[in-house]
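Residue numbers (the numbering used here): 103 to 421.
Built from N, CA and C at the ideal position, the CB exists for glycine as well.
Fair warning: this is a prediction, and the values are worked out from it, not measured in the lab.
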């Protein structure tokens, strides 16, 4: 199954998941660390003030992933908002635990690539990582500096690491797939981005796909977004080529999102903790997944009326 097939399966809500009390989601993303070495203009992490900036306690990680597996979760993403390669030892241990102790069928990682060096790639793939996806969102070093707010040296690191990841995978015979995604820019910016992809990314990955810039994901002003060459799309509608209706939002029904402090959140891009549905340090995963707060939010989404809920401010629901 390709990565886009997997994404589409999660973003499409089947009839059995159009309810307030649900079975376990097929896929859960877990934030091993709230840290990141970039300061991307389009990322919810940029506005994080009340959420964790440290690492997840590994004993908590082991407990909640066991609960998830017992409940029927099939896929574990080793990331949420933070950059997991900032905690490389914990990342490798987490992959090994999920694949070889709990036997999750699919363990995946999305990374900015800047710290995804060959030594780490080798360890992750050896531990059983099924999918390694690089986010590539700047067509040159200057734009990288403008968007990510850090040294352009990291842009070169990331591109080098994509090529080296493919080299490690092929040399060692690992089964891990290598992917890349990019935000779909506007106008001539898109052509410039495609030029970079053709030369530096596509030769080394198994598949690339485009993403819209989700409105909930960004704190960029409209004027600044236009200057940089992108504009926000409503809500989280999945990937370009298979966009979903914003209501009900699949994130509240189909995919779990766990912060580094153990709090389960209802939103893919929770910038300030307002979407917290349950603290897994205090309750089990399934109790949080079907907490009263989550049930009430899902009911509003199913009515396609989120006025008065934590989702009210999302641009997806503006008239």
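message: For residue 355, tell me which candidate among 415, 390, 284 has the shortest Cα-Cα distance.
response: Taking the first residue of the chain shown as position 1, residue 355 is located at position 253. Closest in alpha carbon position to residue 355, among 415, 390, 284, is 390.
Test item: CB-CB of residue 188 and residue 168 under 8 Å: In the chain shown, residue 188 corresponds to position 86, counting from 1. In the chain shown, residue 168 corresponds to position 66, counting from 1. Contact flag unset, no.
field: Contact check, residue 241 vs residue 289, beta carbons under 8 Å
entry: Your numbering for residue 241 matches position 139 in the chain shown. Your numbering for residue 289 matches position 187 in the chain shown. No, the Cβ-Cβ distance between residue 241 and residue 289 is not below 8 Å.
message: Taking 8 Å as the threshold (beta carbon to beta carbon), is residue 361 in contact with chain B?
response: Absent here is chain B; the protein component of the structure consists of one chain.
Collapsed DSSP secondary structure at residue 485 in the structure displayed: The structure shown does not extend to residue 485, since the chain is modelled only from 103 to 421, so the question has no answer here.
task: May I ask you to verify whether the segment 171 to 181 touches the segment 110 to 127, counting CB pairs closer than 8 Å and requiring at least 3?
output: yes
Sequence-distant residues of its chain with Cβ nearer than 6 Å to residue 227 (five each side left out): Indexing the chain shown from 1 puts residue 227 at position 125. The residues are 276, 278.
- prompt: Does DSSP put residue 109 in a helix, in a strand, or in coil?
  reply: The count along the chain shown starts at 1 and reaches residue 109 at position 7. If DSSP states are grouped into helix, strand and coil, residue 109 belongs with the helices.
message: For residue 402 and residue 348, what's the separation of their Cα atoms in angstroms?
response: On the chain shown, position 300 is the one that residue 402 refers to. On the chain shown, position 246 is the one that residue 348 refers to. So the alpha carbons of these two residues sit roughly 13 Å apart.
field: Local conformation of residue 313 per DSSP, three classes
entry: For the purposes of this step, residue 313 is taken as the residue at position 211 of the chain shown. DSSP places residue 313 in strand when its eight states are reduced to three.
message: Taking the beta carbon of residue 103 as the centre, do at least 16 other beta carbons fall within 10 Å, making it buried, or is it exposed?
response: Reading the chain shown from its first residue, position 1 is the one you call residue 103. Taking all protein chains in view, the Cβ of residue 103 is surrounded by fewer than 16 other Cβ atoms within 10 Å, so the residue is classified as exposed.
task: Counting only the same chain and skipping the five closest in sequence on each side, list residues whose C-beta sits under 7 Å from that of residue 196.
output: The sequence position of residue 196 within the chain shown is 94, counting from 1. For residue 196, where only same-chain residues beyond five positions count, the Cβ hits under 7 Å are 134, 163, 180.
query: Of all the beta strand (DSSP E) runs that stay within the bounds of the segment 192 to 250, which reach a length of 3 or more residues?
result: Within the segment 192 to 250, the complete beta strand (DSSP E) runs of at least 3 residues are 208 to 213, 233 to 237.
task: Quick one: using the 10 Å Cβ neighbour count with 16 as the cut-off for buried, is residue 235 buried or exposed?
output: Within the chain shown, the letter at position 133 stands for residue 235. By the 10 Å Cβ count, residue 235 comes out buried.
- prompt: Exposed or buried, what is residue 383 when buried is set at 16 or more other beta-carbons lying within 10 Å of its beta-carbon?
  reply: Position 281 of the chain shown holds residue 383. Answer is exposed; the Cβ neighbour count stays below 16.
Distance, residue 309 Cα to residue 280 Cα: Sequence index remark: in the chain shown, residue 280 carries index 178 (1-based). Sequence index remark: in the chain shown, residue 309 carries index 207 (1-based). So the two alpha carbons sit approximately 7 Å from each other.
- prompt: Should residue 211 and residue 233 be called a contact, given that it needs their Cβ atoms to be closer than 8 Å?
  reply: In the chain shown, residue 211 corresponds to position 109, counting from 1. In the chain shown, residue 233 corresponds to position 131, counting from 1. The answer is yes: Cβ separation under 8 Å.
- request: Please report how far the alpha carbon of residue 199 lies from the alpha carbon of residue 184, in whole angstroms.
  value: The residue you call residue 199 lines up with position 97 of the chain shown. The residue you call residue 184 lines up with position 82 of the chain shown. Using only the alpha carbons, I get a separation of about 20 Å.
Residue 367 - containing beta strand (DSSP E), residue span: The residue labelled residue 367 in the question sits at position 265 within the chain shown. That run of the beta strand (DSSP E) goes 365 to 367.
- prompt: To which residues does DSSP link residue 282 through a beta bridge?
  reply: Numbered from 1 along the chain shown, position 180 holds the residue referred to as residue 282. 236, 310.
- request: Report the rounded CA-to-CA distance for residue 229 versus residue 260, giving the unit in angstroms.
  value: Reading the chain shown from its first residue, position 127 is the one you call residue 229. Reading the chain shown from its first residue, position 158 is the one you call residue 260. Distance between the alpha carbons of residue 229 and residue 260: 22 Å.
task: Starting from residue 131, follow its DSSP beta bridges and name the residues at the other end.
output: Counting from one through the chain shown, the residue named residue 131 turns up at place 29. In DSSP, residue 131 forms a bridge with 179, 359.
task: Whole angstroms is fine: what's the gap from residue 342's alpha carbon to residue 311's?
output: Translated into positions along the chain shown, residue 342 becomes position 240. Translated into positions along the chain shown, residue 311 becomes position 209. The straight-line gap from Cα to Cα measures roughly 8 Å.
query: What did DSSP end up calling residue 103 once you bin it into helix, strand or coil?
result: The count along the chain shown starts at 1 and reaches residue 103 at position 1. Here residue 103 sits in coil by DSSP.
- prompt: When the distance is taken between beta carbons, is residue 359 closer than 8 Å to residue 182?
  reply: One-based indexing of the chain shown puts residue 182 at position 80. One-based indexing of the chain shown puts residue 359 at position 257. A contact, by the Cβ cut-off of 8 Å.
- request: Quick one: grab the DSSP three-state call for residue 288.
  value: On the chain shown, residue 288 is found 186 positions in, with the first residue counted as 1. In the structure shown, residue 288 sits in coil (DSSP, three-state: anything other than H, G, I, E or B).
message: For residue 156 and residue 363, I'd like the C-alpha separation in whole angstroms.
response: Position 54 of the chain shown, counted from the first residue, corresponds to residue 156. Position 261 of the chain shown, counted from the first residue, corresponds to residue 363. Cα-Cα distance, rounded: 8 Å.
- prompt: Going straight from the alpha carbon of residue 409 to that of residue 117, what length do you get?
  reply: Stepping through the chain shown from its first residue, residue 409 is reached at position 307. Stepping through the chain shown from its first residue, residue 117 is reached at position 15. Rounded to whole angstroms, residue 409 to residue 117 spans 24 Å at the Cα level.
Residues that residue 374 bridges to, as DSSP identifies them: The count along the chain shown starts at 1 and reaches residue 374 at position 272. DSSP lists no partner for residue 374.
Residue 397 - containing alpha helix (DSSP H), residue span: Position 295 of the chain shown, counted from the start, is the residue given in the question as residue 397. Here the alpha helix (DSSP H) through residue 397 covers 394 to 405.
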